[in-house]
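Residue numbers for the sequence shown, in this note's numbering: 270 to 582.
Where a beta carbon is used, it is the ideal one built from N, C-alpha and C, also for glycine.
These numbers come from a predicted model, not from an experiment.
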Amino acid sequence: PLMGQQIPELTPPIKVAVVTRSNPVCQHPDTTNFVSAFRNIDFKVTIDFQLNDTAEESDLFLPCTTSFEEEDIIATSWNEYVGYAPKLIEPRGEAKPDPLIFSELAQLLGMVNYFNRSSRQWLEEALEPASKEYGLSLGELEQGMVKSPAFQDVAWAEKAFPTPSGKIELYSEMAEQETGQGTARYVPPRESGPVELVDYPLNFITPHPAKSLHSQFASDEDNYPELEINPETAEKYNLREGNLVIVESSRGQLTCRVVYSERMRIDTVQAIEGKWLKFGGGVNFLTPAFMPDMGGGVPYYDCRCQLRKYLPD
């Protein structure tokens with residue numbers, strides 16, 4: 270979460286950045302700060318099959334293949350199966366698989382002993398740990414998907430947990446060492462001081478989209494994100510369904526369209542994350558970038574906001 274602050278401070282400075290399988294300009298918290306740091310890098314390359322927000326901010330765009338234009342091994346946390354995905358069509362235009370892009374770059378840089386594998390050799394290398402431990406082979410996967418040998422029908426069937434005590438810990442010494450508290454407790458939001466509560470009285474949350482994966486499948490429809498708001502809260506701000514509203518935090522603002530939602534608390538509004546900046550999105554113009562008290566994630570929901578009715582020029 271601190272890349273926006275850290276990039277300009279690094280010594281020696283970053284001269285080249287290569288972004289692949291990611292869209293940080295859209296997804297990184299505190300967008301304004303991150304984009305400023307990203308632009309400060311001399312040469313930026315994005316490898317993707319879409320001209321997303323990060324590609325638009327880059328100096329060079331390299332088109333890569335989609336999952337239909339290259340063979341791959343498919344494994345996911347959504348189910349217990351592992352499968353082989355064959356190449357169905359030849360790559361369109363100048364698109365190349367990511368491994369081939371890096372392999373050819375390595376050859377140009379004289380790194381002849383690195384990355385000099387075929388696509389199939391990369392897959393076999395990726396599968397090697399499973400081959401050694403479970404006997405799973407690429408040839409077997411080509412015959413059809415198989416249930417992952419590492420998958421357990423009953424979680425923790427052996428009752429052995431990866432904790433110092435080997436038990437489920439309601440009191441955690443590790444948590445105590447990290448945060449000073451060994452049991453779960455309520456931690457007030459960082460943005461809950463007197464100034465935030467007065468100037469930014471509402472909680473702003475940004476859930477995942479139901480029909481997409483973050484910003485992977487962007488609609489090219491140029492419109493305003495929907496802001497879900499309780500009708501009682503909307504009335505307080507003199508907002509009607511369909512009105513445009515400016516959602517503002519201490520870091521930035523975003524124009525949204527009001528949608529009534531009885532499921533929203535009266536002190537909370539929400540807009541779905543993932544919509545590209547270039548198509549009117551950008552929820553992370555509002556979100557903060559700081560390290561949480563536990564773990565290494567991003568406290569996206571620790572965000573206070575204010576609403577202002579949109580007044581066209």
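Ends of the beta strand (DSSP E) at residue i?
i	result
residue 529	522-529
residue 574	573-578
residue 289	285-289
So residue i is in the alpha helix (DSSP H); what residue range does that whole segment cover?
i	result
residue 373	367-377
residue 304	300-308
residue 410	407-411
residue 396	388-403
residue 502	500-505
residue 272	272-275
residue 293	293-296
By Cβ distance, which residues of its chain are closer than 7 Å to residue i, with the 5 residues on each side in sequence left out?
i	result
residue 569	298, 475 and 556
residue 364	318, 332, 333, 334 and 338
residue 321	292, 295, 484, 487 and 545
residue 438	432
residue 329	314
residue 336	354
residue 420	349
From residue i to residue j, what distance separates their C-alpha atoms?
i	j	result
residue 410	residue 318	26 Å
residue 461	residue 504	24 Å
residue 465	residue 567	19 Å
residue 492	residue 302	24 Å
residue 273	residue 558	8 Å
residue 396	residue 372	19 Å
residue 577	residue 347	40 Å
residue 349	residue 384	30 Å
residue 370	residue 359	16 Å
residue 452	residue 442	9 Å
residue 581	residue 573	25 Å
residue 554	residue 499	23 Å
residue 551	residue 270	16 Å
residue 512	residue 506	11 Å
residue 524	residue 548	12 Å
residue 575	residue 463	14 Å
Residue i by DSSP, collapsed to three states: which one?
i	result
residue 459	coil
residue 333	strand
residue 353	strand
residue 345	coil
residue 515	strand
residue 313	strand
residue 318	coil
residue 559	coil
residue 450	coil
residue 538	strand
residue 416	strand
residue 472	strand
residue 496	strand
residue 432	coil
residue 443	helix
residue 325	helix
residue 466	helix
residue 485	coil
residue 421	coil
residue 340	coil
residue 427	coil
residue 567	coil
residue 552	helix
residue 546	helix
residue 278	helix
Near residue i, which residues of its chain fall below 8 Å by C-beta distance, leaving aside the five closest residues on each side in sequence?
i	result
residue 456	562
Output needed for residue i: all residues of its chain with C-beta closer than 6 Å, excluding positions within five of it in sequence on either side, in chain order.
i	result
residue 502	535
residue 417	349 and 351
residue 478	541 and 543
residue 495	526 and 528
Are at least three pairs of beta-carbons, each pair with one atom in the stretch 436-452 and one in the stretch 368-381, less than 8 Å apart? no
When the Cβ atoms of the stretch 515-522 are set against those of the stretch 273-290, are three or more pairs found closer than 8 Å?
no
message = With three or more C-beta pairs closer than 8 Å as the rule, is the stretch 533-542 touching the stretch 463-481?
response = yes
So does the stretch 529-538 actually touch the stretch 282-289, counting three or more Cβ pairs closer than 8 Å? no
**Prompt:** Okay, do the stretch 339-350 and the stretch 381-396 touch, 3+ Cβ pairs below 8 Å being the bar?
**Reply:** yes
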